[in-house]
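Numbering (this note's numbering), first residue to last: 10 to 413.
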């Protein structure tokens with residue numbers, strides 16, 4: 010019917026007979042373009058609110074956070090509707106131009122394959138983005154899995170597009186790819202290793218997004234931002250970004266501070282090197298003077314200290330160790346439920362190390378450093394009270410001992 014109407018219109022316009030076929034083809038093409046445009050605009054306008062409503066039912070945050078991904082998915086899906094409509098009406102519009110209809114059918118199929126692949130890839134991205142907000146600290150390597158799925162989608166639809174353009178069966182291309190297995194393994198080596206590593210990382214719960222990891226070989230020391238198929242992004246404490254191969258987390262060693270973050274405290278492990286020449290026994294009159302000091306009166310009332318003073322050979326270093334342990338036991342920002350001790354290490358050429366081993370209850374980096382500094386400030390200041398001195402190499406500003 011449409012062909013008859015257009016033929017009559019050509020006659021009314023008094024077009025030459027040889028131009029009738031061109032006129033019909035041109036009118037049909039304009040009509041096809043109009044139908045395709047209307048279908049595209051209507052489908053995109055309808056799909057966007059539908060996707061937004063579905064995501065809003067899952068989680069209200071996803072509607073705003075995935076706006077860009079939703080627009081991209083709706084746009085790709087909107088391209089499919091007019092292509093399917095054109096594929097359905099092309100036999101009716103171009104029944105007088107069989108060769109053109111065949112070529113147009115191939116072009117439409119290529120178009121469909123392209124945007125089906127893009128739509129699937131956009132849907133995978135949307136799901137991964139939504140999962141990232143629903144599970145901020147995931148145990149599943151969704152980034153690696155999503156990238157692998159998008160890679161497989163790209164390969165499958167590339168084969169379909171090439172086979173359609175060449176008018177050959179996809180099985181022929183697949184058989185050719187089988188002969189190039191070694192080349193494919195070489196090309197996709199990083200992707201394959203990364204996928205295997207992602208599975209091992211997820212199964213063993215080795216690293217999660219948000220973990221603080223330290224990997225000196227790659228200059229990484231900070232929080233994990235993303236675990237992808239081939240790379241892991243780490244934001245260092247100086248705000249630089251370090252990219253590590255995913256497989257390196259399996260093949261190389263690294264330190265994960267998650268255990269500290271999940272525990273009740275952050276370890277303080279630092280020593281004061283005591284000058285061995287200042288270590289000596291304390292006389293009875295010196296003990297009486299120490300007990301009269303306001304700062305030490307409560308300390309000398311402790312049972313452990315009383316037991317120590319009951320012996321005849323009290324040293325200033327022993328008394329200092331008991332004092333440090335007493336200070337730590339009374340410190341409100343030290344976790345008293347975790348290991349707490351003050352110990353001597355092997356003496357060296359730089360003195361006798363007296364090490365503090367305890368855990369700060371506050372794990373925040375700034376607060377942790379402040380707590381640690383406050384403790385050692387006071388300990389260095391109290392050393393002369395016990396007639397002790399920290400070892401320090403002679404500097405150019407100190408007077409050298411006189412030669413005899």
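For glycine and all other residues, C-beta sits at the position ideal for the given N, C-alpha and C.
Member of the options whose CA lies at the smallest distance from the CA of residue i
i: residue 130; options: 160, 140, 370; result: 160
i: residue 217; options: 199, 164, 255, 389; result: 255
i: residue 327; options: 399, 385, 351, 230; result: 351
i: residue 174; options: 277, 121, 262, 272; result: 121
i: residue 200; options: 222, 240, 209; result: 240
i: residue 3; options: 292, 300, 285; result: Missing from the structure shown is residue 3; the chain here goes from 10 to 413 and no further.
i: residue 387; options: 403, 332, 401; result: 332
i: residue 49; options: 59, 81, 87; result: 87
i: residue 82; options: 132, 295, 294, 379; result: 132
i: residue 363; options: 342, 279, 338, 377; result: 279
i: residue 165; options: 274, 196, 126; result: 126
i: residue 75; options: 232, 298, 136; result: 136
i: residue 380; options: 220, 357, 314, 340; result: 340
i: residue 288; options: 330, 265, 337, 320; result: 330
i: residue 348; options: 231, 337, 357; result: 337
i: residue 321; options: 345, 294, 403; result: 294
i: residue 383; options: 357, 343, 244, 361; result: 343
i: residue 58; options: 41, 45, 80, 43; result: 80
i: residue 225; options: 252, 128, 91, 298; result: 252
i: residue 89; options: 227, 56, 108, 110; result: 56
i: residue 42; options: 94, 180, 238, 265; result: 94
i: residue 117; options: 300, 134, 99; result: 99
i: residue 155; options: 39, 370, 237; result: 237
i: residue 357; options: 310, 398, 283; result: 283
i: residue 52; options: 266, 40, 84, 96; result: 84
i: residue 214; options: 177, 265, 248; result: 265
i: residue 385; options: 334, 311, 313; result: 334
Three-state class that DSSP yields for residue i in the structure shown
i: residue 49; result: helix
i: residue 20; result: In this prediction, residue 20 scores a pLDDT of 49, lower than 50, which makes its location untrustworthy; no coordinate-derived value is stated.
i: residue 180; result: helix
i: residue 134; result: helix
i: residue 342; result: coil
i: residue 221; result: strand
i: residue 265; result: strand
i: residue 399; result: strand
i: residue 197; result: coil
i: residue 75; result: coil
i: residue 394; result: helix
i: residue 287; result: helix
i: residue 413; result: Note on residue 413: pLDDT 43, under 50, position unreliable in the model; the coordinate value appears next. Three-state result, residue 413: coil.
Endpoints, alpha helix (DSSP H) assigned at residue i
i: residue 165; result: 151-175
i: residue 332; result: 325-339
i: residue 380; result: 374-391
i: residue 295; result: 293-300
i: residue 260; result: 257-260
i: residue 312; result: 312-318
Opening and closing residue of the beta strand (DSSP E) in which residue i lies
i: residue 364; result: 361-369
i: residue 276; result: 275-283
i: residue 229; result: 229-236
i: residue 353; result: 350-353
i: residue 216; result: From DSSP, residue 216 is part of no beta strand (DSSP E); its letter is neither H nor E.
i: residue 242; result: 240-245
i: residue 253; result: 250-254
Cβ separation of residue i and residue j, assumed to be a contact under 8 Å, to the nearest whole Å
i: residue 277; j: residue 368; result: 7 Å
i: residue 223; j: residue 163; result: In fact, because the Cβ distance is near 35 Å, the residues do not count as touching under 8 Å.
i: residue 400; j: residue 359; result: 5 Å
i: residue 113; j: residue 170; result: Residue 113 to residue 170, Cβ: 16 Å. No contact.
i: residue 323; j: residue 317; result: 6 Å
i: residue 206; j: residue 250; result: Residue 206 to residue 250, Cβ: 20 Å. No contact.
i: residue 325; j: residue 291; result: 5 Å
i: residue 417; j: residue 246; result: Because the chain here runs from 10 to 413, residue 417 falls outside it and cannot be looked at.
i: residue 204; j: residue 157; result: 5 Å
i: residue 151; j: residue 140; result: 5 Å
i: residue 275; j: residue 198; result: Residue 275 to residue 198, Cβ: 40 Å. No contact.
i: residue 243; j: residue 232; result: 7 Å
Report yes or no: do the segment 251-271 and the segment 299-311 share at least 3 C-beta pairs separated by less than 8 Å? By the Cβ rule, the segment 251-271 does not count as touching the segment 299-311, because fewer than three pairs are nearer than 8 Å.
Specify whether the segment 390-398 and the segment 372-382 touch according to this definition: at least 3 beta carbon pairs, one from each stretch, less than 8 Å apart. The segment 390-398 is not in contact with the segment 372-382.
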